[in-house]
Structure formats: C-alpha cells, structure tokens
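A short worksheet on the structure shown next.
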Amino acid sequence: MNRIGAVWIPVIFYFCAVPLLGRSLFHKRSWSLLFDVIFSVLLFFGMEIGIFFMNLLFAFYRGRNLLLIVDLILALKIMLSLVITAVSIRLIGRLQEGRLKGKQTAGMFLLPVFSVVFVVSMLRMNMVYGQLYSNALLLINLILLVLVNCYFIFLFRYMFQSNQLEQELERFQAQNEVQYRYYTELERKYQESRKILHDMKNHLQAIESLYREDNASGRGGRYVKDLYHMVNILGEKYYSSDRMLNIICNDKLSAAGRMGIRVTAQIGDVDFSDLKDMDVTTIFANLLDNAIEAAQGTEGAFLDIKMQNVHQFRVISIVNAMEPGRKKTGHSGIGLENVRRTLEKYHGTIRQETVDGEYRVSVLLPEKEEKEE
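For the sequence shown, position 39 (counting from the first letter as 1) is numbered 42 according to this note's numbering, and the numbering increases by one without interruption.
In structure tokens form, the structure reads like this:
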C-alpha cells in the first residue's frame, strides 16, 4: 500500500499543481486551464515512455559505458519533450479554432486519462514481471496505445473543424438575415417613394394654393412639415462609410427606435475595411442585440453608441439602460464569447461593466495597418 501511495501521490500532485500554477501566474479562463492539463498529460505520457526506454537501455547495456547511456537517455527525453510541445501547440490551436461543448470536452479527456493510468500501472508491474517475462509485450502495448491516442486526436480534429464550420455558418446566416431585412426595407421604401413622387405635383400645387390664401401661413407651414416628415421616413440614415456596418446600424437602431428606446449614435470617420464582413456582423450585431435586449422594457430606455479614433486605436463604446439586478443571458453567453474571439483575431479587447443601472461595453481595436509599398 505504501508503494502504491509513493507511485500515485506524485502523479496526483503533478496534475493538480499544473492548473493551479497556470491559474495563479498566467491565466484564469477555464479553457486555458484545460489546455494546461492536456499539455501536462501528454508530457507525462512522454516522460513515462522515456523512463521505459531508459530501463531497456540499462538492461541491455549493463556494465557498458554508463555515461553514454545517460547521454542517450537525456537526448531521448529532450526529443520527446520537443515533439510533445509541438503536438500540444498544434492541438491547442485546433481547440481554440473550434470550441466544444461540455460533454464533448469531457469525452476528449477519457482516453488520455485512461492511457496515463494504464501506462503507469504497466510500468510498475513490469518492474516485477519484467525480469520473468520479455519486455516485448509491454513495448507492443505502449506502441499500440500511442497509435490509439493519435487516432483519437485525429477524430477530434474533424470534430473541431465541424464545430468551426458550424459557427461560421451561423455567422453567415446572421449576416444574410441582416442583409435580407435591409434590402427588403429598401424595396419597401422604393415602392413608397414612387407613390410619393407620383403625388408630389399635387402636393406642390396644394402648398401654392395655401400660401395664396390670406390666412394660410399657419396651415401652409404645417403642411410643409408634414411633407418633409413623409419624405424623411423613406430615407436611409448614414452612420458609417463601411457598407456592412451601415446596414447593421440601420437595421438594429431602427428596430430599437420602434421599441421605444431612445437612440443616440455618434460615429466618426472610423475605418473598418480590414475587417471581414462576417466579422463586422459578429461584433456589432451581437453587441447591439445584447444592448437592445437589456434596454427593452426599462424605464427611460436608451442606447448610446460612439465610435472614434483615439491614439492609433478604434474605440467603440456602447452604453444602454439596464434594470438593476437583471441578468441577461446574452451579456455572458455565446454572443459575447463570439465577439471576444473575433476581436482577438485583430488583437482587440472588450471590457464590460454595470454602473448605476447602465450596462457599458468598451471595445479597443488597433487601427488598420497600412501596407508598405
């Protein structure tokens, strides 16, 4: 029992210490801690294989040049560490490209954990039975176990790619939905404008007649204001020189206005041409959807959006009303996670806070890099 404890206590301590050190010194996000665990499992697996080959070398070359054997073992461990580190970086990159659900993530750890337990158990048993039987069977088991793990990672790679394609499809669908509503609204306004232009001659004649009357100054002024209002409601507002952003702002902010939310937009001459249309949709559609959802139904509902260039950064600020104590799933769910991941592609950051019944989101994006000719 003491020997079992001496074997497993260091193993348990190792797998507990790695995520604790990662959380305290480097990062706090759960996904990053999972990456630490994956790397530690792979590194431990490689070290155990190195120890196995070390025992084989000592068994076959007993009495020979021990210094040469030690050098070979150190070289083998270094090579294994480098290979495992390279594989881990590639695997973590795949994990970051396509996030998995909780059950899928848990399933991903089943085989590696089983493999570690199996390898440790086999190596400890080999210390007893290795002298009685050949080590060939143990070596075959280890090689097969490595192949099974590689095939397991190969299968999960396709799962990651499937998740990534699914997320891209969802973003394309959201973008297409916004564009469809935009062009449908343009078609409706075009048909309305044709009707108004058809009647414009009659309206002008009516105004001329009203001003000819002695008491028509008041009626004529009101008539002109009504006519301006009728024409203005057909026009599309200009928010940004970026076509996709202009479509999103017209769609989302007009929807907020129809819900009774007071909208204020101050958008400067900010260049988003380095962002893909899909990424513009992911960032701004999600942020505005969350802001509208939180402000809807609150007393004195409002939504303020500002965009400007400040010290080589594009600064986006969205402030909206929010009921105290109210929690909206959109503010901490998949929408904002997609925004955060999209911003990371362009080295951007997002910060959220709730202050005095206001929900505030601040986004910092480095300015577009000019290509040197």
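The beta carbon of each residue, even a glycine, is placed where N, CA and C say it ideally should be.
Being a predicted model, the structure only gives us computed values, none of them experimental.
Same chain, Cβ closer than 7 Å to residue i, five either side skipped, listed in chain order
i	result
Leu367	Phe316, Val318, Gly351, Thr352
Asn144	Met125
Asp274	Lys371
Glu188	none
Gly303	Ala324
Arg6	Here Arg6 scores only 49 on pLDDT, less than 50, and its place in the model should not be relied on; the value that follows carries that caveat. Hits under 7 Å: none found.
For residue i: DSSP bridge partner residues
i	result
Leu367	Val318, Thr352
Gln269	Lys309
Buried or exposed (CB count within 10 angstroms, at least 16 for buried), residue i
i	result
Lys255	buried
Ala20	exposed
Ile264	buried
Asp245	buried
Leu140	exposed
Ser243	buried
Met310	buried
Leu168	exposed
Ile146	exposed
Cβ-based neighbour list, residue i, same chain, cut-off 6 Å, excluding 5 preceding and 5 following
i	result
Asp282	Thr345
Asp280	Met247
Ile295	Ala259
Gln164	none
Asn323	Ala294, Ala297, Ala298, Leu306, Tyr362
Residues near residue i by beta carbon distance below 8 Å, same chain, minus five either side
i	result
Thr332	Confidence at Thr332 is low in this model, with a pLDDT of 49, below 50, so its placement is unreliable and the value that follows should be read with caution. Cβ within range, chain order: n/a, list empty.
Thr284	Arg174, Ala177, Gln178, Val181, Met247, Ile251
Sub-7 Å separation of residue i and residue j beta-carbons
i	j	result
Tyr349	Met325	no
Val266	Ile321	no
Leu291	Ala298	no
Val342	Ile286	yes
Leu158	Ser118	no
Ile81	Leu46	no
Chain C within 7 Å of residue i, Cβ atoms only
i	result
Phe121	In the structure shown, chain C does not exist; there is a single protein chain.
Contact test: residue i Cβ vs the ligand MG heavy atom, cutoff 6 Å
i	result
Leu113	As presented, the structure is devoid of all ligands, the ligand MG included, so that no description of it is given.
Restricting to runs no shorter than 3 residues, where is the beta strand (DSSP E) found entirely within the region 304-365? 305-313, 316-324, 352-358
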